[in-house]
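Heads up, the thing below is written out as structure tokens.
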Amino acid sequence: MIDIKFIRNNVEQVREAIRNKNEKADIVALLAIDETRRKLQFEFDNLKSRQNNVSQTIARKKKAGEDAATELKDMSTVAEEIKQISAALSASNTELEALLLTIPNIPQPEVPVGRDESANTVERIWGKPPVFTFEPKDHLEIANNNHYLDLPRGAKISGSGFPIYTGQGARLERALISFMLEFHLQKHDYEELMVPLMVNRKTMTGTGQLPKLEEDMYHVNEDDLFLIPTAEVPVTNFYADEVLSYKDIPKCFVSYTPCFRREAGSYGKDTKGLQRLHQFNKVEMVRFVEPEKSAEALEEMLCNAEAILQAFGLHYRVLNLCTGDTSFASQRTYDLEVWAPGSQKYLEVSSVSNFGEFQTRRANIRYKDSSGKVRHLHTLNGSGLATPRLMIALLETYQQADGSFKAPDVLKPWLEINLKERQL
RNA sequence: GGAGAGUUGCCGGAGCGGUUGAACGGGACGGUCUCGAAAACCGUUGUAUCCUUACGGGUACCCAGGGUUCGAAUCCCUGACUCUCCGCCA
9 MIDIKFIRNN VEQVREAIRN KNEKADIVAL LAIDETRRKL QFEFDNLKSR QNNVSQTIAR
69 KKKAGEDAAT ELKDMSTVAE EIKQISAALS ASNTELEALL LTIPNIPQPE VPVGRDESAN
129 TVERIWGKPP VFTFEPKDHL EIANNNHYLD LPRGAKISGS GFPIYTGQGA RLERALISFM
189 LEFHLQKHDY EELMVPLMVN RKTMTGTGQL PKLEEDMYHV NEDDLFLIPT AEVPVTNFYA
249 DEVLSYKDIP KCFVSYTPCF RREAGSYGKD TKGLQRLHQF NKVEMVRFVE PEKSAEALEE
309 MLCNAEAILQ AFGLHYRVLN LCTGDTSFAS QRTYDLEVWA PGSQKYLEVS SVSNFGEFQT
369 RRANIRYKDS SGKVRHLHTL NGSGLATPRL MIALLETYQQ ADGSFKAPDV LKPWLEINLK
429 ERQL
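Position 286 of the first sequence, counting from 1, maps to 294 under the working numbering, and the rest follow consecutively.
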């Protein structure tokens, strides 16, 4: 969330950010409530101060055996007033808080202004589209040829968008997850976390999914818990309500989780095969860094994500997202799009974002810097990567003329583990 | 699911309803001493918010939210979490 003091002093800038992000938020109402709140706070403090003073006088008089009837009578009316103002005050605080949660993060100046994805710019391109001596098939055909997927049965058991990976397909999926995790652990020095897949309302609010995206999440009514749409949520909230030491910073976590998304409102869009799912696997990177270091950390994380695609030898491009395409909580986002030759299009496999102190304000995550000052950290996260579209690109890129699939060499160790030979 | 115990500052740990933002101990930091270090001694050691250009001052916070009271860390209620025992189960 944005600091109320910042909003007070930079109204136009905040308005512009809301506009550029295609959001709606009532700044006028917000400022009015802020004004009322401060007035009430002032009255409350003054009354309390008086009450504290007189209460001590009463104590002294009673101790000395003197009569304190006047003070007692006086204070009972003050107590009543305090009660009323206190109620009004907490009502305004709640209201202000609710409004503040609807203000999006402010995009950084270098983010291109634009309404939708058409205003995104291409940052760079890696590799080239593969050339085939035959007509390349799309991933679903290859998957079906090789018995890698059983989508009809997934639909039967749960509904569309809940895939079943079968046989070598399941093994390939698991290999991707293991490969990416180990890659980040060993080459990029992240620490692994295994986290809960269901989180409470406060946690969802901390990273910014709530209140805006409630409709997009699976919710378990009975316990008021949400299935996570990304590991970002539990991992970023790892330090909620804590004050870290500057010595602990930076913190870099990587976490594999399934992700659950209702995808409300996107029915009929990119539905073929693994393109858009309600449940999918993702390896996520999250960093907690000092404010001065976050811009640099964003570039590093982008490289961390790219390194995976490079290891697989997949052609991709990096997009610099425009204001309208940057998420509610993000200040700046890069998307990684991998080339799927069978479908002849680029598919988003990663989103790498800098959130500044937006999430750490919401989740109350701070650190004490070397001079002893308590400040909000900056958070970043990036997919590294989401598997379904990665699998699409792999299947389509490494398909053979006979309809089979030949995994890139780096994956071989994960696909060829043979316990029988090791006599376990 | 049932029965009990607990939750206080960076940590340990006191705390009768009225100078308790909180004793005492430890840690950390600064200083004295020392060639240096240890020890010893002295001092410092929270966050948020409001008023003020500033100096400074007020208020809130002893798990969370309510209640009783002129006044609550202290009494009452509800909830969360932790621990122990029983039951059930992976």
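The beta carbon of each residue, even a glycine, is placed where N, CA and C say it ideally should be.
Run of the beta strand (DSSP E) containing V262, from where it starts to where it stops: As a working mapping, residue 262 is identified with position 254 in the first sequence. Looking at the DSSP string, the run of the beta strand (DSSP E) that includes V262 is K259 to F268.
Strand pairing of I90, partner residues [DSSP]: Within the first sequence, residue 90 is the residue found at index 82, counting from 1. I90 pairs with nothing; no bridge assigned.
D232 (DSSP reduced to helix, strand or coil): For the purposes of this step, residue 232 is taken as the residue at position 224 of the first sequence. In this structure, D232 counts as coil in the three-state DSSP scheme.
Per DSSP, cross-strand counterpart(s) of Y354: Indexing the first sequence from 1 puts residue 354 at position 346. Bridge partners of Y354 according to DSSP: W347.
Whether T405 touches P349 by CB criterion (8 Å): By 1-based counting over the first sequence, the position of residue 405 is 397. By 1-based counting over the first sequence, the position of residue 349 is 341. With contacts defined by Cβ atoms closer than 8 Å, T405 and P349 form a contacting pair.
Three-state secondary structure assigned by DSSP to F413: Residue numbering aside, residue 413 sits at position 405 when the first sequence is read from its first letter. Look at F413 here: in three-state DSSP terms it is strand.
R45 versus L97 - alpha carbon distance: For the purposes of this step, residue 45 is taken as the residue at position 37 of the first sequence. For the purposes of this step, residue 97 is taken as the residue at position 89 of the first sequence. Note on geometry: alpha-carbon atoms of R45 and L97 lie some 6 Å from one another.
A40: first and last residue of the uninterrupted alpha helix (DSSP H) it sits in: Here residue 40 is taken as the residue at index 32 of the first sequence, counted from 1. Its alpha helix (DSSP H) spans residues I35 to K71.
Supposed close pair I12, V22 - CB separation, criterion 8 Å: As a first step, residue 12 is located in the first sequence; it is residue number 4 there, counting from the start. As a first step, residue 22 is located in the first sequence; it is residue number 14 there, counting from the start. The Cβ separation is near 11 Å, so there is no contact.
Check whether E345 and E356 have beta carbons under 8 Å apart: Within the first sequence, residue 345 is the residue found at index 337, counting from 1. Within the first sequence, residue 356 is the residue found at index 348, counting from 1. In this structure, E345 lies near E356, with their beta-carbon atoms less than 8 Å apart.
Which residues DSSP lists as bridging V291, in chain order: Counting from 1 along the first sequence, the entry for residue 291 is found at position 283. Looking at the DSSP assignment, V291 forms a beta bridge with Y264.
Residue from S100, E79, S94 and F14 with nearest C-alpha to D53: Reading the first sequence from its first residue, position 45 is the one you call residue 53. Selected option, being the one with the closest Cα: S94.
Whole-Å CB distance - N30 paired with G332, under 8 Å assumed: Taking the first residue of the first sequence as position 1, residue 30 is located at position 22. Taking the first residue of the first sequence as position 1, residue 332 is located at position 324. 5 Å between Cβ atoms; contact.
Alpha helix (DSSP H) runs wholly inside the stretch 75-128, at least 4 long, in chain order: 77-108
Selected residue, minimal CA-CA separation from F261, among L193, M212 and H323: In the first sequence, counting from the first residue as 1, residue 261 sits at position 253. The shortest Cα separation from F261 among L193, M212 and H323 belongs to L193.
Nearest candidate by alpha-carbon position, reference R132, set L329, R284 and E89: Residue 132 sits at position 124 when you count from the first residue of the first sequence. The option with the nearest alpha carbon to R132 is L329.
With 16 other Cβ atoms within 10 Å as the buried cut-off, status of D146: The residue you call residue 146 lines up with position 138 of the first sequence. Buried, by the Cβ-count rule.
Integer Cβ distance of M208 from D224, believed to fall under 8 Å: Position 200 of the first sequence holds residue 208. Position 216 of the first sequence holds residue 224. The amino acid occupying residue 208 in the given sequence is Asn; Met does not appear at that position. Not quite, the Cβ-Cβ distance comes to about 17 Å (not below 8 Å), so this is no contact.
Buried/exposed call for Y275, threshold 16 Cβ in 10 Å: The count along the first sequence starts at 1 and reaches residue 275 at position 267. Burial call: exposed.
Residues near Q367 in its chain [Cβ-Cβ closer than 8 Å; skip 5 each side]: Residue mapping note: residue 367 aligns to position 359 of the first sequence, counting from 1. Correct list, in chain order: G214, T215, G216, T244, A337, I373 and T387.
Helix, strand or coil at L252 according to DSSP, with G and I counted as helix: Locating residue 252 in the first sequence gives position 244, counting from the first residue. If DSSP states are grouped into helix, strand and coil, L252 belongs with the strands.
Chain-order list of residues whose beta-carbon lies under 8 Å from that of Y254 (same chain, five-residue window excluded): As a first step, residue 254 must be located in the first sequence, where it is residue number 246. E298, Y375, K376, D377 and S378, listed in sequence order.
Rounded straight-line distance, which links the Cα of E250 to that of A67: Against the first sequence, residue 67 aligns to sequence position 59. Against the first sequence, residue 250 aligns to sequence position 242. As the crow flies, the alpha-carbon of A67 is around 39 Å from that of E250.
V294 and E240 closer than 8 Å at C-beta: Numbered from its first residue, the first sequence carries residue 294 at position 286. Numbered from its first residue, the first sequence carries residue 240 at position 232. Taking C-beta atoms as the reference points, V294 and E240 count as a pair closer than 8 Å.
C-beta contact flag for S391 and A313 at 8 Å: Looking up residue 391 in the first sequence gives position 383. Looking up residue 313 in the first sequence gives position 305. Yes, Cβ-Cβ distance for S391 and A313 is below 8 Å.
In DSSP terms, what G390 is bridged to: For the purposes of this step, residue 390 is taken as residue 382 along the first sequence, with counting starting at 1. Its beta-bridge partners are M293 and V360.
Alpha carbon of L419 to alpha carbon of R27, nearest angstrom: Your numbering for residue 419 matches position 411 in the first sequence. Your numbering for residue 27 matches position 19 in the first sequence. Each residue's alpha carbon lies about 45 Å from the other.
K32 classed as buried or exposed, judged by whether at least 16 other C-beta atoms fall within 10 angstroms: Within the first sequence, the letter at position 24 stands for residue 32. Under this definition K32 is an exposed residue.
Range covered by the beta strand (DSSP E) that runs through K376: Indexing the first sequence from 1 puts residue 376 at position 368. Note, K376: beta strand (DSSP E), I373 to K376.
Nearest to M399 (by Cα), restricted to the options A305, L184, K210 and S302: Here residue 399 refers to the residue found at position 391 of the first sequence. If we check each option's Cα against that of M399, L184 comes out closest.
DSSP bridge partner residues for I133 (one or two, in chain order): Translated into the one-based positions of the first sequence, residue 133 becomes position 125. For I133, the pairing in a beta bridge is given by DSSP as R325.
V382 (DSSP reduced to helix, strand or coil): In the first sequence, counting from the first residue as 1, residue 382 sits at position 374. Three-state result, V382: strand.
CB-CB length for V62 against E79, believed under 8 Å: In the first sequence, counting from the first residue as 1, residue 62 sits at position 54. In the first sequence, counting from the first residue as 1, residue 79 sits at position 71. Distance from V62 to E79 at the Cβ level is roughly 5 Å; contact confirmed, criterion being Cβ atoms closer than 8 Å.
Test item: CB-CB of M83 and R370 under 8 Å: Your numbering for residue 83 matches position 75 in the first sequence. Your numbering for residue 370 matches position 362 in the first sequence. No, they are not a contact pair.
Supposed close pair A37, L148 - CB separation, criterion 8 Å: Residue numbering aside, residue 37 sits at position 29 when the first sequence is read from its first letter. Residue numbering aside, residue 148 sits at position 140 when the first sequence is read from its first letter. That pair is no contact at about 50 Å.
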